[in-house]
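A.B. asks:
Number of protein chains: 2
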Amino acid sequence: MTPEATLARFREYMVGPTRFMNLLSCFELGLVDRLRDNPGLTAVKLGDAVGVKPDAVEQLLQLMVKEGFVAYDEGSGAYSLAALGGVAEADLERALAFMGMIKVAMLRQMFYLTESVRTGSLVGLKKFYDFDGTLFDAAAVHEDIRDSWGRLAQLETGNVYGWFFQNLDIPAGSRVLDLLGGNGLGSIMTYRMKASPGLHVTNFDAPEKEAESLRNFREHGVEEHCSFVGGDVFTDVPAGFDLVLIKHYLDMYDRDDVLKILKSANGALEVGGQLVILAPVYPEDITDPDDSQIDFFPTFLLGCATAQGGLQKVPTYRSWLEESGFALTRVVGKDPADIPPDAIPKRFIMFATKTA
Amino acid sequence: MTPEATLARFREYMVGPTRFMNLLSCFELGLVDRLRDNPGLTAVKLGDAVGVKPDAVEQLLQLMVKEGFVAYDEGSGAYSLAALGGVAEADLERALAFMGMIKVAMLRQMFYLTESVRTGSLVGLKKFYDFDGTLFDAAAVHEDIRDSWGRLAQLETGNVYGWFFQNLDIPAGSRVLDLLGGNGLGSIMTYRMKASPGLHVTNFDAPEKEAESLRNFREHGVEEHCSFVGGDVFTDVPAGFDLVLIKHYLDMYDRDDVLKILKSANGALEVGGQLVILAPVYPEDITDPDDSQIDFFPTFLLGCATAQGGLQKVPTYRSWLEESGFALTRVVGKDPADIPPDAIPKRFIMFATKTA
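Here the protein sequences line up with chains W and P, keeping their order.
So the first sequence is residues 1 to 356, counted in full-length UniProt numbering.
So the second sequence is residues 1 to 356, counted in full-length UniProt numbering.
Structural data, given as structure tokens:
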């Protein structure tokens with residue numbers, strides 16, 4: 001890579017934040033919706049319609065025209081949807097939900113990425129919300145974060161859990177441990193999707209999750225099949241399970257803590273017992289242009305969500321599993337055709353067996 | 001453009017902010033400098049050196065490795081500079097100055113782009129600095145903005161003014177009006193670079209600029225050749241000049257105000273008098289991949305700097321000049337070989353003659 005090419009790439013990076021916000025703002029202002037309803041509006045008419053000066057409308061639409069998202073007719077000054085007109089509404093909604101999360105939960109906070117990495121704490125979350133803890137804890141307290149996150153989580157959950165349970169076999173009557181199962185909704189789903197005589201799902205999490213989890217079990221009528229055990233995931237996980245589920249968070253811990261969690265999972269199983277991990281995973285070839293996880297997750301996790309952790313490649317997880325008394329037996333990724341082109345996370349299911 | 005390609009492009013936009021901050025943070029943390037001094041450090045040694053956990057070092061360097069900026073040896077776990085090692089220090093410094101400005105003056109503020117466009121005011125500057133006015137006004141009051149802007153301005157000034165004055169002929173003894181010349185340093189430079197018997201440069205700006213401008217004239221020993229006139233640029237510009245200079249701000253006004261400023265310039269000249277405008281200009285083909293101004297300036301100006309204005313193409317300026325009694329006679333751009341690949345602004349000099 002020549003110095004010239006390197007500096008040109010820096011320029012691409014420099015316009016990353018402005019490109020993002022310019023695109024999102026065209027949606028927020030309602031410019032895209034107006035053009036969908038009324039193709040051929042001029043900047044003056046669009047400005048009137050959304051309450052913005054025509055000069056600003058023209059400026060913000062320049063990038064949309066440059067990208068081919070919107071078309072502009074020089075002669076008449078009329079705008080209409082180009083590529084944006086062809087994208088299905090559900091696809092746009094999903095992409096906008098993710099962009100909304102980036103805006104609310106990340107854009108300002110990542111200003112403090114360097115300080116967050118230095119201190120191992122989310123300095124941005126502290127500065128803007130006076131909050132100590134993770135983004136997910138903050139979502140429980142701050143409505144704007146909860147809204148931006150919830151919209152996304154809802155869309156993602158349907159998308160991910162359906163596929164996850166399709167690929168998960170749980171033998172009849174299994175005793176399942178849902179490790180760090182939070183509010184218990186994952187345990188409930190596990191019971192419902194895999195119900196069999198004697199199947200029991202135990203949600204293990206911090207004691208303060210107990211009340212909400214038990215309430216959810218009752219409200220969903222599964223209190224006979226799901227239970228809660230509270231404690232510290234590093235030290236208090238009980239034994240006596242056939243299968244341990246680790247869903248959605250292994251990437252949020254540094255190596256030492258991942259190993260402790262895997263050790264806890266190991267202690268919960270007999271030799272031959274199963275561990276199933278659902279997590280986003282870096283591609284083996286990190287230059288894969290279809291995978292943008294490396295471009296996103298370090299700043300998301302370290303600067304905005306947890307101040308620690310990070311995705312790993314499968315070989316890293318394999319070696320960590322072996323170090324923890326497991327053998328990785330199978331890795332299942334989604335069919336690429338089922339992953340929307342705007343999706344950043346690429347989740348895998350890793351199946352492992354306790355060997356020692 | 002297919003819906004799939006459009007959504008994939010959205011993903012590129014979504015990773016824009018994180019990419020930017022991840023790259024900058026690698027410099028801020030000192031990772032790049034350490035690798036320059038000590039090629040072959042592992043994540044553990046790098047982490048020790050800069051006071052950061054090795055897990056975080058690994059995560060932040062993933063993107064550098066993906067881009068080919070940094071090399072990683074799987075066997076030994078050693079990092080070394082790849083493409084970044086080949087970039088001259090002065091080039092890196094210039095790019096980092098720009099990135100620093102984006103971080104301090106834009107990254108948080110652009111969260112409020114939509115509100116800024118709706119209200120015609122810089123909502124982000126108000127929220128984060130409790131400041132009413134432009135980014136340039138705020139730089140006078142807030143040290144972090146001044147520092148991030150000043151570092152950039154210094155690098156840019158040398159770069160731009162040398163070229164500007166090389167291309168500017170000022171006949172001996174001319175009476176020059178430096179319209180909105182601010183602190184007078186541009187007037188001083190004009191006098192120095194183009195000195196001739198009888199050459200006089202008048203800085204016209206708001207009355208509150210008078211003291212600083214006159215002090216600068218005295219300190220540079222040009223008080224006999226440079227003077228200050230205070231007033232409103234829309235209404236109070238005096239007549240009697242041979243040449244009017246408009247440097248660096250025409251893009252910061254909406255159309256109506258640009259026309260008023262051009263009218264003021266017109267009133268300052270006799271027919272045949274010269275107007276010289278220095279401004280960044282959009283390319284005629286807005287899809288030109290070597291030009292990133294459209295990706296940057298709308299959000300910069302509307303969300304972060306002025307809450308109005310925007311770059312235009314040359315034909316737009318030509319028509320606005322004609323509407324204001326000028327004929328555009330010549331447009332000079334920098335030799336592309338003299339524009340660094342990381343540079344976003346592309347400035348042009350537009351020469352016009354008063355026709356009516």
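Note that CB positions come from ideal geometry on N, CA and C, so glycine has one too.
1. State yes or no: is the C-beta of W:ALA78 within less than 8 Å of the C-beta of W:THR119?
2. At a CB-CB cut-off below 8 Å, which residues of chain W make contact with P:MET106?
3. Decide yes or no for the touch test of the stretch 165 to 184 of chain W against the stretch 208 to 227 of chain W: beta carbon pairs closer than 8 Å, at least 3 of them.
4. Using a Cβ-Cβ distance cut-off of 8 Å, determine whether P:PHE241 contacts chain W.
5. Under a CB-based cut-off of 8 Å, is W:THR306 close to chain P?
6. If you compare alpha carbons, which of P:ASP288, P:ASN22, P:PHE111, P:LEU243 is closest to P:ASP178?
7. Rounded to a whole number of angstroms, what is the C-alpha to C-alpha distance between W:MET1 and P:LEU84?
8. Residues of chain P with CB closer than 7 Å to the CB of W:TYR13, please, in chain order.
9. The beta strand (DSSP E) with P:CYS226 in it runs from where to where?
10. Just to confirm before moving on: does the CB-CB distance between W:THR202 and W:VAL229 stay below 8 Å?
11. Do P:ALA352 and P:LEU275 have their C-beta atoms closer together than 8 Å?
12. Count the other CB atoms, across all protein chains shown, that sit within 10 Å of the CB of P:LYS354; report buried if there are 16 or more and exposed otherwise.
13. Please state whether DSSP places W:ALA279 in a helix, a strand or coil.
14. Which residues, taken in chain order from the stretch 257 to 268 of chain W, show a beta carbon closer than 7 Å to some beta carbon of chain P?
15. Could one say the Cβ of W:LEU84 lies closer than 8 Å to chain P's Cβ atoms, at least one of them?
16. Which residues does DSSP pair with P:PHE326 in a beta bridge?
17. Roughly how many angstroms lie between the CA atoms of P:TYR253 and P:LYS313, to the nearest whole one?
18. Who pairs with W:SER174 in a beta bridge, going by DSSP?
19. Across which residues does DSSP place P:SER80 in a beta bridge pair?
20. Determine, for P:VAL123, whether the minimum Cβ-Cβ distance to residues of chain W falls below 8 Å.
21. Expressed to the nearest angstrom, what Euclidean distance is found between the alpha-carbon atoms of P:LEU7 and W:ALA343?
22. Could you tell me whether the Cβ atoms of P:SER116 and P:ALA279 are closer together than 8 Å?
23. 8 Å is my cut-off, CB to CB: does W:ILE339 come that close to chain P?
24. Closest Cβ-Cβ distance between W:ALA97 and chain P: below 8 Å?
25. Is it true that the stretch 42 to 55 of chain W meets the stretch 12 to 24 of chain W, where meeting means three or more beta-carbon pairs spaced less than 8 Å apart?
26. What does DSSP give as the partner residue(s) for W:PHE165 in the beta ladder?
27. Compare the beta carbon distance of P:HIS142 and P:ILE188 with 8 Å and say whether it is the shorter of the two.
28. Mapping DSSP to helix, strand and coil, what is P:ASP335?
29. Just to confirm my understanding: we take P:GLY150, look at its own chain, exclude 5 residues before and 5 after, and list those with CB closer than 8 Å. What are they?
30. Could you check if W:THR114 is buried or exposed, using at least 16 other CB atoms within 10 Å of its CB as the buried criterion?
31. Measuring only between beta-carbons, confirm whether P:VAL117 sits less than 8 Å from chain W.
32. Which residue marks the beginning of the beta strand (DSSP E) containing P:ASP242, and which one marks its end?
33. Using beta-carbon positions only, say whether W:ARG94 and W:PRO340 come within less than 8 Å of one another.
34. With a 10 Å radius around its C-beta and 16 neighbouring C-beta atoms as the bar for buried, classify P:SER324 as buried or exposed.
35. Helix, strand or coil: which one does DSSP assign to W:ARG347?
36. Should P:THR329 go down as buried or exposed, given a rule of 16 or more other Cβ atoms within 10 Å for buried?
C.D. replies: On the basis of the data shown:
1. As a first step, residue 78 of chain W must be located in the first sequence, where it is residue number 78. As a first step, residue 119 of chain W must be located in the first sequence, where it is residue number 119. Not closer than 8 Å, so no.
2. Position 106 of the second sequence, counted from the first residue, corresponds to residue 106 of chain P. PRO17, THR18, listed in chain order.
3. yes
4. To locate residue 241 of chain P, count along the second sequence from 1; it is residue 241. No - not a single Cβ of chain W is within 8 Å of the one on P:PHE241.
5. Sequence index remark: in the first sequence, residue 306 of chain W carries index 306 (1-based). So no, W:THR306 is outside the interface.
6. Position 178 of the second sequence, counting from 1, holds the residue named residue 178 of chain P. For P:ASP178, the nearest C-alpha among the options comes from P:LEU243.
7. Within the first sequence, the letter at position 1 stands for residue 1 of chain W. Within the second sequence, the letter at position 84 stands for residue 84 of chain P. W:MET1 and P:LEU84: Cα-Cα distance of roughly 9 Å.
8. Translated into the one-based positions of the first sequence, residue 13 of chain W becomes position 13. Here the neighbours are ARG19, PHE20, LEU23.
9. What you label residue 226 of chain P is simply residue 226 of the second sequence in a count that begins at 1. Looking at the DSSP string, the run of the beta strand (DSSP E) that includes P:CYS226 is 226 to 230.
10. Numbered from its first residue, the first sequence carries residue 202 of chain W at position 202. Numbered from its first residue, the first sequence carries residue 229 of chain W at position 229. Cβ distance < 8 Å, so W:THR202 and W:VAL229 count as in contact.
11. On the second sequence, residue 352 of chain P is found 352 positions in, with the first residue counted as 1. On the second sequence, residue 275 of chain P is found 275 positions in, with the first residue counted as 1. In this structure, P:LEU275 lies closer than 8 Å to P:ALA352 by Cβ.
12. Taking the second sequence and counting its residues from 1, the one referred to as residue 354 of chain P is at position 354. Looking at its Cβ environment, which holds 16 or more other Cβ atoms inside 10 Å, P:LYS354 is buried.
13. Within the first sequence, numbered from 1, the residue matching residue 279 of chain W stands at position 279. Looking at W:ALA279 - three-state DSSP - the assignment turns out to be strand.
14. none
15. Numbered from 1 along the first sequence, position 84 holds the residue referred to as residue 84 of chain W. Yes, because at least one Cβ of chain P sits closer than 8 Å to the Cβ of W:LEU84.
16. Position 326 of the second sequence holds residue 326 of chain P. DSSP lists P:LYS354 as partners of P:PHE326.
17. Here residue 253 of chain P is taken as the residue at index 253 of the second sequence, counted from 1. Here residue 313 of chain P is taken as the residue at index 313 of the second sequence, counted from 1. Roughly 14 Å separates the two Cα atoms.
18. Taking the first residue of the first sequence as 1, we reach residue 174 of chain W at position 174. DSSP lists no partner for W:SER174.
19. Reading the second sequence from its first residue, position 80 is the one you call residue 80 of chain P. DSSP output for P:SER80 lists P:ALA71 as bridge partner(s).
20. As a first step, residue 123 of chain P is located in the second sequence; it is residue number 123 there, counting from the start. Not an interface residue.
21. To locate residue 7 of chain P, count along the second sequence from 1; it is residue 7. To locate residue 343 of chain W, count along the first sequence from 1; it is residue 343. Rounded to whole angstroms, P:LEU7 to W:ALA343 spans 9 Å at the Cα level.
22. As a first step, residue 116 of chain P is located in the second sequence; it is residue number 116 there, counting from the start. As a first step, residue 279 of chain P is located in the second sequence; it is residue number 279 there, counting from the start. Cβ atoms of P:SER116 and P:ALA279: not closer than 8 Å.
23. Here residue 339 of chain W refers to the residue found at position 339 of the first sequence. Closer than 8 Å: no.
24. Residue numbering aside, residue 97 of chain W sits at position 97 when the first sequence is read from its first letter. So, not an interface residue.
25. no
26. In the first sequence, counting from the first residue as 1, residue 165 of chain W sits at position 165. Paired residue(s): none; W:PHE165 is not in a bridge.
27. Counting from one through the second sequence, the residue named residue 142 of chain P turns up at place 142. Counting from one through the second sequence, the residue named residue 188 of chain P turns up at place 188. No; because the gap between Cβ atoms is not below 8 Å, this pair is not in contact.
28. The count along the second sequence starts at 1 and reaches residue 335 of chain P at position 335. Coil at P:ASP335, not helix or strand.
29. On the second sequence, residue 150 of chain P is found 150 positions in, with the first residue counted as 1. Cβ neighbours of P:GLY150 beyond the five flanking positions: ALA139.
30. Locating residue 114 of chain W in the first sequence gives position 114, where the first residue counts as 1. Answer is buried; the Cβ neighbour count reaches 16.
31. Taking the first residue of the second sequence as 1, we reach residue 117 of chain P at position 117. Output row for P:VAL117: interface = yes.
32. As a first step, residue 242 of chain P is located in the second sequence; it is residue number 242 there, counting from the start. 241 to 247 is the extent of the beta strand (DSSP E) around P:ASP242.
33. Within the first sequence, residue 94 of chain W is the residue found at index 94, counting from 1. Within the first sequence, residue 340 of chain W is the residue found at index 340, counting from 1. A contact, by the Cβ cut-off of 8 Å.
34. Counted from its first residue, the second sequence places residue 324 of chain P at position 324. Label assigned to P:SER324: buried.
35. Mapped onto the first sequence, residue 347 of chain W falls at position 347. Three-state result, W:ARG347: strand.
36. Your numbering for residue 329 of chain P matches position 329 in the second sequence. Under this definition P:THR329 is an exposed residue.
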